[in-house]
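Chemist:
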Amino acid sequence: MQNDYYIYVGALRVFHDFSESDNNKDNSFFYDFDSPKYEYLKRKYHIDTVAGSGSELEKSLRLLQWCSQNVLHNGGTKDVEFIPKTSGDILDYAFGKGREYGVYCRLQAIVFTECCLALGIKSRILHCLPFSPNDFDSHVVSMVYISDLKKWVLLDATNNRYFIDSQNNILSPMEIRTKLAFDEFIECNEPDDNYKTYMAKNMFYFKSLQYNTYGSDMLEKQKTIYCVPTGFDVLDREIAYCQYAIKNSPEEFVADWKEALVDYQGRTTYNCLSADIFFS
Numbered sequence: 008m009q010n011d012y013y014i015y016v017g018a019l020r021v022f023h024d025f026s027e028s029d030n031n032k033d034n035s036f037f038y039d040f041d042s043p044k045y046e047y048l049k050r051k052y053h054i055d056t057v058a059g060s061g062s063e064l065e066k067s068l069r070l071l072q073w074c075s076q077n078v079l080h081n082g083g084t085k086d087v088e089f090i091p092k093t094s095g096d097i098l099d100y101a102f103g104k105g106r107e108y109g110v111y112c113r114l115q116a117i118v119f120t121e122c123c124l125a126l127g128i129k130s131r132i133l134h135c136l137p138f139s140p141n142d143f144d145s146h147v148v149s150m151v152y153i154s155d156l157k158k159w160v161l162l163d164a165t166n167n168r169y170f171i172d173s174q175n176n177i178l179s180p181m182e183i184r185t186k187l188a189f190d191e192f193i194e195c196n197e198p199d200d201n202y203k204t205y206m207a208k209n210m211f212y213f214k215s216l217q218y219n220t221y222g223s224d225m226l227e228k229q230k231t232i233y234c235v236p237t238g239f240d241v242l243d244r245e246i247a248y249c250q251y252a253i254k255n256s257p258e259e260f261v262a263d264w265k266e267a268l269v270d271y272q273g274r275t276t277y278n279c280l281s282a283d284i285f286f287s
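Shown next, in the form of C-alpha cells:
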C-alpha cells in the first residue's frame, strides 16, 4: 500500500500544472437555490434543523455527518440504478435503513450537495478520477464554497471525511492535490492512511456538471466540465478506459461500453477549464 501511495503522488507531482484549458467559453457553472423541490427536503427530512445555526462551514459539516450516518455506502454490491438521481428519491430509499439499503458514492454526494443548495450554500458534485484507464474505480465527493474562507472545500459524504493542514485549516481540492504531490503535511479529520492513499489515486483529474440544482444528473441539456492537468489527453484516456471496460465488464454491459467508445472516438474537443477557473 505504501508503494502504491508513492506511485499515485508521483503522478500528481509530474502532472501538477493545471494552467491551460481547451476552451472556457460558455462553461460557467450555475447554482440553483430556489427549486420548489427543496421544500420536500426541509419538510420531510428537516435539513434546516440538521444544519442548525452558525457559519456555512459549521452547517455543512453537520449536514455531512448526518448524510454519512443515515445514507450508507453499499460498496457496489447491490444494483440501485432504479433510484431516480435526486436527493429526495435517494433519501426515501436509503434514509436510516442501514447498509442493506446503502447506495454508491455518487448518490451519497447527490444527497449532500442538494441539501446544501436547498439551504443556500453553494455546492456541486466533484468526480475525482485516476490516471490509469485500467481502473474501474473512481470516487465522487462534494465541494462547498465557504464564503468566510473565500474558497471551495472538499467534503466526502461517503466517509464523513475532509482534509486539513498543519494549522487545522480545511482544504480545497487543489490544496489537497498539491500537498499530496509535494509531500507536504496533510491529514484527514480522522486519521486514515487508507483514505489518504485512496484519494491520492483518485485526484489525478476532475469533472463536474455545469448546472447544479435538484436532480442535476437528470437534466437533458446538462454539460460535463473537465479540469485536467496540462499535457494530459483526457479523450485518449476515456477511449482506453472504454476499451478496457469492453474486455473486462460483464456481458450485459458491453454494448453500453461499445456505444460510449464510439462517442469518444468521434469527439475532437471537450469542455475544459483551467483549475483557477474551475475552482473559482
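If you read the sequence shown in this note's numbering, its first letter stands for residue 8, the second for the next number, and so on.
For every residue, glycine included, the Cβ atom is placed at its ideal position computed from N, Cα and C.
If contact is defined by three or more beta carbon pairs under 8 Å, each pair taking one atom from either stretch, is the stretch 134-151 in contact with the stretch 240-251?
Modeler: Touching, per the Cβ criterion.
Chemist: Could you tell me which residues DSSP puts in a beta bridge with Y13?
Modeler: In DSSP, Y13 forms no bridge with anything.
Chemist: How about the stretch 12-29 and the stretch 217-224: do they share at least three Cβ pairs that are nearer than 8 Å?
Modeler: Verdict: no, contact absent.
Chemist: Counting along the chain, where does the beta strand (DSSP E) carrying S215 start and finish?
Modeler: That run of the beta strand (DSSP E) goes 212-216.
Chemist: Using a 10 Å radius around the Cβ and a threshold of 16 neighbouring Cβ atoms, would you call P180 buried or exposed?
Modeler: Label assigned to P180: buried.
Chemist: For E107, does the three-state DSSP call read helix, strand or coil?
Modeler: The answer is helix: DSSP assigns E107 an H, G or I state.
Chemist: Looking only at C-alpha atoms, which of S215, D224, A247 sits nearest to V235?
Modeler: For V235, the nearest C-alpha among the options comes from S215.
Chemist: Considering only the beta carbon of each residue, do C122 and L68 sit closer than 8 Å?
Modeler: No, the Cβ-Cβ distance between C122 and L68 is not below 8 Å.
Chemist: Note down the Cα distance separating G109 from D96, rounded to an integer number of angstroms.
Modeler: Distance between the alpha carbons of G109 and D96: 13 Å.
Chemist: How would you call S35, buried or exposed, if buried means at least 16 neighbouring beta carbons within 10 angstroms?
Modeler: The residue is exposed, with fewer than 16 neighbouring Cβ atoms inside 10 Å.
Chemist: At which residue ranges does the stretch 174-220 contain complete alpha helix (DSSP H) runs of 4 or more residues, listed in the order of the chain?
Modeler: Listed in chain order, the complete alpha helix (DSSP H) runs (minimum 4 residues) inside the stretch 174-220 are 180-188, 200-208.
Chemist: Taking 8 Å as the threshold (C-beta atoms), are N77 and F102 in contact?
Modeler: Result yes, Cβ atoms of F102 and N77 sit closer than 8 Å.
Chemist: Going by DSSP, what residue range makes up the beta strand (DSSP E) through K158?
Modeler: Here the beta strand (DSSP E) through K158 covers 158-162.
Chemist: Name the DSSP beta bridge partners of R331, please?
Modeler: The structure shown does not extend to residue 331, since the chain is modelled only from 8 to 287, so the question has no answer here.
Chemist: If you check the beta carbons only, do L136 and Y47 fall under 8 Å apart?
Modeler: Not in contact: L136 and Y47 (Cβ atoms no closer than 8 Å).
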